[in-house]
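In the numbering used here, the protein residues as written are -5 to 62. Built from N, CA and C at the ideal position, the CB exists for glycine as well.
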Amino acid sequence: KMKKETENKVIKLIRNKEKPTTAIASILGRNYYDAIKILEELEEKNKITKITLGHYTFWKAKKKYQKN
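Below is the structure:
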């Protein structure tokens, strides 16, 4: 479960970056797949939408992640 502070930081990042997964991973010191999980968690809470995340890299990674 994510802290509110982290959540806000992540939301801010997503709005400002083309590749939120990379940005989140580097800022939070987590790996790429953790970043995807964080994005999914926010999406479930309706804090972010698919449009916000709608860049190719994220959805490609998400698909790959779900296969494993």
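Whole-angstrom distance between residue j and residue i, CA atom to CA atom
i     : j   : result
I45   : R24 : Bear in mind that the predicted position of I45 carries a pLDDT of just 49, short of 50, making it unreliable; the figure below should be weighed with that in mind. The straight-line gap from Cα to Cα measures roughly 24 Å.
N40   : T0  : 16 Å
K(-2) : L36 : 11 Å
A19   : E38 : 19 Å
I5    : K31 : 14 Å
I21   : D28 : 12 Å
K3    : A17 : 11 Å
Simplified DSSP state of residue i, which is helix, strand or coil
i     : result
N25   : coil
N40   : coil
K6    : helix
K31   : helix
K(-3) : coil
Closer than 9 Å to chain C by CB, residue i
i   : result
I32 : Of the protein chains in the structure, only one exists, and it is not chain C.
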